[in-house]
Amino acid sequence: MLQYLIILLDETSTSFCHYENTRKERNLIPLDVLKKGIRYGMMENLMIQFVFPKYDLPQEYKDEVETIDHSKIKPIADEADVWVADEPAKVDGNVPVVLRVSKEVLFEKENEVVEMLKSVPRLNIVLTDVETFTENDFTRYKSLLERVAAEVERMYVDGKSPQINLLTDRMMLSAMNNCGAGDMSVTLAPNGKFYVCPAFYYENEEDSIGDLEHGLDIRNKQLYKLEYAPICRHCDAYQCKRCVWLNRKTTLEVNTPSHEQCVVAHLERNASKELLRNIRKHGTFLPEKEDIKEIDYLDPFDKRETWQ
Amino acid sequence: MNSIKNITFIVTKDCQLACKYCYLVGKNSKERMPWEVAKQAIDYILGHEEDFREESVVWDFIGGEPFLEIELIDKICDYLKTEMFRRNHHWFNSYRFSFSTNGINYDSPKVQEFITKNHEHLSIGITIDGTKRKHDLNRIYKGGAERGSYDDVVRNIPLWLKQFPHGGTKVTISSADIPYIKESVLHLFSLGIREVHINVVFENVWKEDDDKLFGDQLIQLADEIIDGGYYNDYSCSFFSENIGKPLDRVLYNQNWCGAGMMLSVDAAGNFYPCTRFAAYSLRSKKPIIIGNVHDGIDKNKLRPFLTLDRTTQSRQECIDCEVASGCAWCQGENYDAADTATIYQRATAICKMHKARVRANNYYWNKLYRKLELEDMREEFEKSKPKSNDLIC
Chain A
3 MLQYLIILLD ETSTSFCHYE NTRKERNLIP LDVLKKGIRY GMMENLMIQF
53 VFPKYDLPQE YKDEVETIDH SKIKPIADEA DVWVADEPAK VDGNVPVVLR
103 VSKEVLFEKE NEVVEMLKSV PRLNIVLTDV ETFTENDFTR YKSLLERVAA
153 EVERMYVDGK SPQINLLTDR MMLSAMNNCG AGDMSVTLAP NGKFYVCPAF
203 YYENEEDSIG DLEHGLDIRN KQLYKLEYAP ICRHCDAYQC KRCVWLNRKT
253 TLEVNTPSHE QCVVAHLERN ASKELLRNIR KHGTFLPEKE DIKEIDYLDP
303 FDKRETWQ
Chain B
77 MNSIKNITFI VTKDCQLACK YCYLVGKNSK ERMPWEVAKQ AIDYILGHEE
127 DFREESVVWD FIGGEPFLEI ELIDKICDYL KTEMFRRNHH WFNSYRFSFS
177 TNGINYDSPK VQEFITKNHE HLSIGITIDG TKRKHDLNRI YKGGAERGSY
227 DDVVRNIPLW LKQFPHGGTK VTISSADIPY IKESVLHLFS LGIREVHINV
277 VFENVWKEDD DKLFGDQLIQ LADEIIDGGY YNDYSCSFFS ENIGKPLDRV
327 LYNQNWCGAG MMLSVDAAGN FYPCTRFAAY SLRSKKPIII GNVHDGIDKN
377 KLRPFLTLDR TTQSRQECID CEVASGCAWC QGENYDAADT ATIYQRATAI
427 CKMHKARVRA NNYYWNKLYR KLELEDMREE FEKSKPKSND LIC
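Those protein sequences? They're chains A and B, same order as listed. Numbers 3 to 310, taken from my numbering, label the letters of the first sequence in order. Numbers 77 to 469, taken from my numbering, label the letters of the second sequence in order.
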């Protein structure tokens, strides 16, 4: 069920996910389109998430944004509900941070990432090149997750409750909690058209799923739902982003993840399993949650013969 | 069960014919497979034995008309045999070369030399659509003169059946062919062809009342087959005991089509999950290329094909259908007809034709079994009845 409307306030709105926004030319969403978008969100009972550019918006835009309950996604600067960073750095402020990094930056700046985790209420790490992971990268990523998990465990022992999506989300979840683009959320672009998510807009503006005048027209919308994703519906890496844009990019189908996506998500899942087990050695922790079970695969695709 | 890999060389996109129902919308005389591409494809496939674990292989040659490239095919087959032996590949001595031909140059010296040389490992099907008027309705020469090809094909049938006595033919039914189904199947039987694989096209070509006409033709055919006693020695794939039943959504959830488990390679060296995903087969979608002879196969692009099941791609109406079994689909046509670029939307253009087939099929088996029981021949028939395969593409 649709719950969220993401509104890109400008052509250069910051990327907060896997896609790159390479557009440099400022192009604000027309004010009347913004107003109609907000009105649409109100009428459809959608929670609106505004994605801001790096520059300061004109006052009339700021005023319009405040006419509706919403979340603000911004580059690290001023007041927001979610900050987006492209480099690990210590942050001042009680705001969850999305850290977009390549695998190499993550591997090289592991210590900075841990320090960042200590300074924010929640750290969402988005790997911007997950589709390029090699066997060697998987090995390095597994080791990195183990080391970061050890830090997280220490923080828990010290009485803190750090949140890092790669490790702590799976401990808390009992079902899939993925991106939901096309199913739970859609995006309104500055051109007044709807898209599955910002990545679909930036990749191809012709790829719209409706507009403000005629409403949404999501063809084959069932394919964005978990039940229509043969691999994912058999999976328990509940924290996986399950990015439908990356799915389409790598496998040509929005409902089918790549091998790399699955393995990365399972390395995280398995690291979460160990983290949960280790934290529990120090005392009662999430007593209502069962242990994360041991599995013998990293890609559910490899177990497809056993699916019923 | 012996697992089989089907690997198709699209050796040419040219054909002498311009059949009206042909799904190959982009045929041309320019795209002929160079030997170097064929060799690179073979080297890649045989060099990656770990990715091709099926016990046996069918090397399939398709066009256009494959026998237009008989010299290339001969060279490919020689190289395949040599390389499978040299590499001690597990497919050596577990392979076939397969052809579906329009039969026009079947008796040419080069084709005949090739047949003699490879006969033990050959499967060849000649496509003949039935009576002259039915065949020539669709299977015409290119060039716009509406010249039918029946006479040039039928003259080669005796030679073909002498060399391949169990050879079957594949008949395709489009809207205009419906009135000729009965006479065509009986005609093929009369030519000595014992297995007639026949199916309606998957494309959305059907007119109002086509299902009624189709059903009438099948009932008439059923009467002829049963009253004429053909059922003992001949088979027509329209009549199958396994069709027309509901399908459990869990137990019978497998995909119908083998796209993705097959591999096709074209003249440019691109790999496809099936020939139907090559550009020349598609009306309205981009080709699905899953790799090439230089870079190999992108396994990520095969994942949707290999995890595709019946219910995920079907509408609820199809999942709940009480006559679902035997209702076929072609993944390529599904993709081509889909509202978005997906293989996960099942085309249902043949729905009413399938239902008409099921009704006629019920009639056939009820009538046949009653006759056999009255003649006290049922048990004997069960032991020796011809097996019909639902060959659909």
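Note that beta-carbon positions come from the ideal geometry of N, C-alpha and C, so glycine has one too.
If you compare alpha carbons, which of S104(A), L300(A), V132(A) is closest to N272(A)?
Of the listed residues, the one whose Cα sits closest to N272(A) is L300(A).
Give the single residue among C95(B), A413(B), F290(B) whose Cα lies nearest to the Cα of T177(B).
That would be C95(B), whose Cα lies nearest to the Cα of T177(B).
Do R223(B) and Y217(B) have their beta-carbon atoms positioned less than 8 Å apart in this structure?
Contact: yes.
Out of G140(B), E141(B), W167(B), point me to the one whose CA is closest to G123(B)'s CA.
When only C-alpha atoms are compared, the closest one is W167(B).
Which residues in the same chain as S401(B) place their Cβ atom closer than 7 Å to its Cβ, once the five residues preceding and following it in sequence are excluded?
Correct list, in chain order: N318, I319, G320, K321, L323.
So L289(B) and P255(B) are in contact, right, with Cβ under 8 Å, and what is the actual spacing, rounded?
With a Cβ gap of about 7 Å, L289(B) and P255(B) count as contacting.
Contact check, N232(B) vs I202(B) under 8 Å by CB: the rounded distance?
About 7 Å separates the two Cβ atoms, so the contact holds.
Tell me whether K195(A) is buried or exposed, calling it buried when 16 or more other Cβ atoms sit within 10 Å of its Cβ.
Buried: at least 16 other Cβ atoms inside 10 Å.
What residue range does the alpha helix (DSSP H) around P234(B) cover?
Unbroken alpha helix (DSSP H) run through P234(B): 233–239.
Would you kindly work out how many angstroms separate the C-alpha atoms of L470(B) and Y155(B), rounded to a whole number?
Residue 470(B) falls outside the range modelled here, since chain B spans only 77 to 469, and no answer is possible.
Quick one: does Y470(B) have its CB under 8 Å from some CB of chain A?
The structure shown does not extend to residue 470(B), since chain B spans only 77 to 469, so no value can be given for it.
Helix, strand or coil: which one does DSSP assign to K92(A)?
Residue state, collapsed to three classes: coil.
Among R454(B), V113(B), D127(B), which residue has its Cα nearest to the Cα of K375(B)?
Nearest of R454(B), V113(B), D127(B) to K375(B), Cα basis: D127(B).
Assuming L147(A) and E270(A) make a contact with CB atoms under 8 Å, what is their CB distance in whole Å?
Correct: roughly 6 Å between the Cβ atoms.
So C379(B) packs on T253(A), CB below 8 Å; how close in whole Å?
Per the sequence shown, residue 379(B) should be read as Arg rather than Cys. Sure, about 5 Å apart at Cβ, within 8 Å.
Using a C-beta to C-beta distance shorter than 7 Å, which residues of chain A count as neighbours of N376(B)?
Within chain A, the residues near N376(B) are T252, T253, S260, H261.
Using a threshold of 7 Å, is the CB atom of V230(B) nearer than that to any non-hydrogen atom of the ligand GTP?
Annotation note on the ligand GTP: not contained in the displayed structure, which lists no ligands.
To which residues of the same chain is D342(B) closer than 6 Å at the C-beta, ignoring the five residues directly before and after it?
Result list for D342(B): I86, A354, in chain order.
Can a CB atom of chain A be found closer than 8 Å to the CB of R352(B)?
No, because no Cβ of chain A sits closer than 8 Å to the Cβ of R352(B).
Could you list which residues in chain A have their beta carbon closer than 8 Å to that of L382(B), in chain order?
Per Cβ cutoff of 8 Å: F303, R306.
Determine whether the Cβ of L225(A) lies closer than 8 Å to any Cβ atom of chain B.
Closer than 8 Å to some Cβ of chain B, the Cβ of L225(A) qualifies, so yes.
What is the residue span of the alpha helix (DSSP H) that P110(B) lies within?
Run containing P110(B): none; DSSP gives neither H nor E here.
Would you please verify whether the beta carbon of I373(B) is less than 8 Å from any beta carbon of chain E?
The chain inventory of the structure shown lacks chain E, comprising the protein chains A and B.
Can you give the beta carbon distance from A425(B) to N329(B), rounded, assuming they're within the 8 Å contact cut?
Contact flag wrong, Cβ pair sits at about 22 Å.
In whole angstroms, what is the alpha-carbon distance linking R163(B) and I118(B)?
Their Cα atoms are separated by approximately 12 Å.
Please give me, in chain order, every unbroken run of the beta strand (DSSP E) with length at least 3 that falls completely inside the stretch 333–399 of chain B.
Here the runs fully enclosed are 339–341, 346–348.
Below 8 Å, can you find three or more Cβ-Cβ pairs linking the stretch 206–218 of chain A to the stretch 13–26 of chain A?
Output reads no: the stretch 13–26 of chain A does not touch the stretch 206–218 of chain A.
Quick check on E271(B): does DSSP put it in helix, strand or coil?
DSSP places E271(B) in strand when its eight states are reduced to three.
Pull the bridge partners of L2(A) from the DSSP assignment, please.
Outside the displayed span of chain A (3 to 310) sits residue 2(A), for which this structure offers no information.
Nearest to R129(B) by CA position, among I80(B), A114(B), M160(B), is which residue?
R129(B) has its Cα closest to that of I80(B), out of I80(B), A114(B), M160(B).
Between the beta-carbon of M186(A) and the beta-carbon of M44(A), is there less than 8 Å?
Taking 8 Å as the Cβ cut-off, M186(A) and M44(A) do not qualify as a contacting pair.
Between the stretch 97–104 of chain A and the stretch 223–230 of chain A, do three or more beta carbon pairs fall short of 8 Å?
Contact fails: fewer than three Cβ-Cβ distances are below 8 Å.
Quick check on the burial criterion: 16 or more other C-beta atoms within 10 angstroms. Buried or exposed for K243(A)?
Buried, because 16 or more other Cβ atoms sit within 10 Å of the Cβ of K243(A).
Distance, Cα to Cα, E153(A) vs R279(A)?
Their Cα atoms are separated by approximately 14 Å.
Run through chain A and tell me which residues come within less than 8 Å of I364(B), C-beta to C-beta.
Simply L254.
Taking 8 Å as the CB-CB limit, is T203(B) close to chain A?
False, the Cβ-Cβ gap to chain A never drops below 8 Å.
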